[in-house]
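A quick write-up on the structure given underneath.
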DNA sequence: CTCCTAAATGTAAACGTTTAGATTTTCTTA
DNA sequence: TAAGAAAATCTAAACGTTTACATTTAGGAG
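Residue numbers (this note's numbering), protein chains in the order written: chain A, 1 to 349; chain B, 350 to 698.
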């Protein structure tokens with residue numbers, strides 16, 4: 001009983017034509033109950049499993065979507081993926097997941113492969129927002145939705161987190177606590193999240209009449225190491241900041257590590273706010289205040305948009321969703337008494 | 350210029366037959382340079398991309414492997430996945446990833462779908478080691494390798510971590526520090542890791558003539574919550590343990606959280622060793638000692654074994670690898686002075 | 001210039017489905 | 001019970017490749 005049975009074998013055994021078998025496999029109805037049972041029995045006995053490749057050849061669709069993430073080790077993406085997968089499974093879709101390690105070249109290859117395989121749609125967090133490597137996909141009429149990073153030159157549905165709002169609120173929170181020397185550890189400025197979180201930071205300072213101080217701006221790369229370096233550099237400043245805003249989870253980890261190593265008193269000498277919740281946030285003392293992103297929801301929404309595109313091929317205009325992040329206030333930001341020593345004696349007002 | 354070009358179109362445009370085109374697509378040689386260039390040009394101009402489904406119909410293989418994990422949110426699996434993916438890409442394979450949420454039913458469905466798609470192989474961490482749902486895959490002659498959890502009734506290549514050794518060493522370490530009342534937070538006993546880590550624990554106690562105390566054995570389920578509950582229960586004991594060994598990462602997190610909430614002095618009143626390294630390990634004070642698994646290597650090896658099976662279909666006997674975990678000694682285990690108050694005054698020899 | 005051989009290219013038959021459209025069977029109704 | 005309609009079933013043609021085998025072409029040797 002090799003795994004060889006095909007629809008022919010089933011048809012023969014059930015004494016019907018392959019068309020009828022096909023009908024019951026896809027429950028299209030119009031088959032007498034008695035016949036159906038006979039066919040089902042034959043399928044059972046032969047251990048028949050339909051061949052997806054052959055099916056795809058005729059019907060075009062694969063019930064497969066391709067998912068591209070830049071870094072599978074960043075816990076943000078598995079979470080998003082979980083959301084995607086859940087919704088996908090509900091609708092009978094499967095997901096091919098590939099990680100680019102932030103390499104546009106790899107991304108290009110993966111996309112080509114996705115097209116070869118005839119994926120019904122693509123969900124992507126691109127490694128290169130300005131690239132034209134996405135063109136090929138769109139040209140094939142394959143729907144695409146961008147997650148977390150938007151795409152420059154093409155109109156694709158996009159699901160973002162409101163980064164500006166998130167970082168604005170975080171920085172605002174620190175300002176309202178009396179901080180004036182607030183540093184930021186930035187992400188790469190050629191990525192949407194990196195850029196936007198910086199914008200929120202600037203906007204908050206502006207709205208509260210604090211001037212931007214170059215010394216307090218550290219350019220990181222979203223990697224743990226750069227967070228570590230950032231904190232070190234800020235610490236080495238003559239005039240240290242009293243608060244730090246870190247632009248993503250990994251840098252937060254690096255940053256907090258450095259703060260610990262430097263014996264910089266978190267929540268006292270230095271307040272802290274991070275973008276993205278992290279496991280460690282509630283383990284260190286004081287607990288970290290963070291901006292939390294609705295990752296699962298992001299994934300669910302992304303699939304939902306994609307699915308709509310897959311089903312109704314009509315050209316609906318591009319849609320863009322911005323999900324609001326949530327401020328989780330814990331303990332790493334303490335009231336600050338401006339212009340005075342940090343002992344809290346001379347409370348202003 | 351719809352994304353419709355097929356091999357026929359290319360052939361026509363290059364003024365050759367489809368056979369020749371096929372030959373250059375698969376670089377099989379035997380095509381005059383001049384002709385090849387003409388074909389390449391046509392491909393370029395038409396934006397032709399070969400149809401994987403049609404290809405698969407003839408040549409049988411899909412260059413796709415299916416990967417099944419029980420919980421995509423457990424950081425262990427993305428790490429393994431990264432290893433798999435890296436090796437796979439090197440060999441021109443792609444991976445379909447699906448998460449079962451520990452549900453054997455879902456797992457069964459996914460496997461069926463994998464067969465439909467004609468994956469060339471399967472890498473799986475099964476949700477049900479005793480299930481016969483794996484039979485269908487093997488029957489189709491699809492190679493399979495098990496990762497982290499072995500499979501009962503079938504002979505498949507297996508890549509494991511030496512759980513017994515890991516937990517043995519961890520417990521041994523605590524014993525040698527003088528601990529006698531060592532508790533364990535177990536994983537489910539119907540999974541290999543859960544079982545084996547418990548065995549290592551028992552063995553260590555036995556070897557050092559410590560008797561197993563039922564009160565110090567807490568049955569968890571590898572989830573964070575159960576770790577939390579475990580620590581609570583142990584704390585509520587009249588005669589508290591002086592050390593805890595936690596069987597996995599998530600339970601470690603729960604456990605450490607509880608210890609914090611209970612104000613149980615980590616590293617002083619209670620020593621701790623966890624299986625699996627976690628982000629938080631180096632953030633809390635004292636830093637956590639853990640057993641660390643070579644996750645990336647696990648994934649790489651798994652793919653390698655699978656690839657061998659795919660290439661050489663000959664029935665090689667089942668192979669089983671056990672990778673050694675590594676003990677990372679940090680600070681959460683302190684010397685214990687047995688039989689005396691924990692103030693360390695009465696050091697026994 | 002022929003002939004022969006080897007290299008290059010072409011022809012046509014699968015692969016396993018789905019699905020119009022044709023045909024047969026069953027059921028209803030007069 | 002026959003006719004007609006409706007339901008069930010069948011036939012055959014795709015889908016886009018790969019590949020064994022057949023055919024043509026090129027290039028030397030005589």
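All residues carry an ideal CB built from backbone N, CA and C; glycine is no exception.
Please read these numbers as outputs of a predicted model, since none were measured by experiment.
As assigned by DSSP and simplified to three states, the class of residue i
| i | result |
| --- | --- |
| residue 106 of chain A | helix |
| residue 111 of chain A | helix |
| residue 282 of chain A | helix |
| residue 591 of chain B | coil |
| residue 219 of chain A | strand |
| residue 576 of chain B | helix |
| residue 192 of chain A | helix |
| residue 274 of chain A | strand |
| residue 535 of chain B | strand |
| residue 342 of chain A | Below a pLDDT of 50, predicted positions are generally treated as unreliable, and residue 342 of chain A, at 44, falls in that range; the measurement from the model is reported next regardless. Residue 342 of chain A falls in the coil class under three-state DSSP. |
| residue 288 of chain A | coil |
| residue 554 of chain B | helix |
| residue 96 of chain A | strand |
| residue 6 of chain A | coil |
| residue 328 of chain A | strand |
| residue 250 of chain A | helix |
| residue 561 of chain B | coil |
Beta-carbon neighbours of residue i, restricted to chain B and to distances below 7 Å
| i | result |
| --- | --- |
| residue 78 of chain A | 421, 422 and 427 |
| residue 320 of chain A | Within 7 Å Cβ-Cβ: nothing; residue 320 of chain A doesn't reach chain B, min ~25 Å. |
| residue 56 of chain A | 402 |
| residue 253 of chain A | 628 |
From the options, residue whose alpha carbon lies closest to that of residue i
| i | options | result |
| --- | --- | --- |
| residue 677 of chain B | B/559, B/518 and B/649 | B/518 |
| residue 554 of chain B | B/525, B/361, B/649 and B/452 | B/525 |
| residue 52 of chain A | B/390, B/467, B/417 and B/457 | B/467 |
| residue 235 of chain A | A/275, A/264 and A/72 | A/264 |
| residue 493 of chain B | B/674, B/588, B/685 and B/650 | B/650 |
| residue 266 of chain A | A/278, A/250, A/249 and A/289 | A/289 |
| residue 577 of chain B | B/569, B/648, B/607 and B/560 | B/607 |
| residue 423 of chain B | B/627, B/668, B/636 and B/662 | B/627 |
| residue 488 of chain B | A/315, A/28, A/92 and A/49 | A/49 |
| residue 437 of chain B | A/323, A/37, A/314 and A/97 | A/97 |
| residue 471 of chain B | B/433, B/480, B/534 and B/384 | B/433 |
| residue 648 of chain B | B/663, B/670, B/579 and B/634 | B/670 |
| residue 531 of chain B | B/516, B/644, B/379 and B/385 | B/516 |
| residue 65 of chain A | A/334, A/314, A/208 and A/309 | A/309 |
| residue 416 of chain B | B/382, B/463, B/632 and B/410 | B/463 |
Contacts of residue i in chain B (Cβ-Cβ under 8 Å)
| i | result |
| --- | --- |
| residue 118 of chain A | 400, 401 and 402 |
| residue 170 of chain A | Neighbours of residue 170 of chain A on chain B: none; closest Cβ ~20 Å, over 8 Å. |
| residue 82 of chain A | 421, 422 and 448 |
Residues near residue i in its chain [Cβ-Cβ closer than 8 Å; skip 5 each side]
| i | result |
| --- | --- |
| residue 574 of chain B | 603 |
| residue 41 of chain A | 14 |
| residue 452 of chain B | 476 |
9 Å Cβ cut-off: residues of chain B touching residue i
| i | result |
| --- | --- |
| residue 85 of chain A | 421, 446, 447 and 448 |
Own chain, CB closer than 7 Å to residue i, minus 5 neighbours either side, in chain order
| i | result |
| --- | --- |
| residue 367 of chain B | 356, 357 and 360 |
| residue 108 of chain A | 133 |
| residue 550 of chain B | 516, 520, 533 and 594 |
| residue 429 of chain B | 496, 644, 647 and 648 |
Closer than 7 Å at the beta carbon, the chain A residues around residue i
| i | result |
| --- | --- |
| residue 533 of chain B | Neighbours of residue 533 of chain B on chain A: none; closest Cβ ~22 Å, over 7 Å. |
| residue 462 of chain B | 94 |
| residue 632 of chain B | 256, 280, 283 and 284 |
6 Å CB neighbourhood of residue i in its chain, flanking five on each side removed
| i | result |
| --- | --- |
| residue 572 of chain B | 599 |
| residue 39 of chain A | 14, 21 and 24 |
| residue 426 of chain B | 418 |
| residue 130 of chain A | 152 |
| residue 474 of chain B | 418, 419, 496, 497 and 498 |
| residue 189 of chain A | 195 |
| residue 581 of chain B | 607 |
| residue 111 of chain A | 137 |
Neighbouring residues, chain A, relative to residue i (Cβ below 9 Å)
| i | result |
| --- | --- |
| residue 608 of chain B | In chain order: nothing, as chain A lies at least about 10 Å away. |
### Query
Counting only runs that start and end within the stretch 471 to 529 of chain B, where is the alpha helix (DSSP H) found for 4 or more residues in a row?
Taking 4 residues as the minimum length, the alpha helix (DSSP H) runs contained wholly in the stretch 471 to 529 of chain B are 484 to 488 and 512 to 525, in order along the chain.
### Query
Which residue spans inside the stretch 647 to 673 of chain B form an unbroken beta strand (DSSP E) run of at least 3?
If we require 3 residues or more, the beta strand (DSSP E) runs fully inside the stretch 647 to 673 of chain B come out as 669 to 672.
### Query
Where are the alpha helix (DSSP H) runs, 4 residues long or more, that stay fully inside the stretch 380 to 433 of chain B, in chain order?
Listed in chain order, they are 382 to 395 and 401 to 408.
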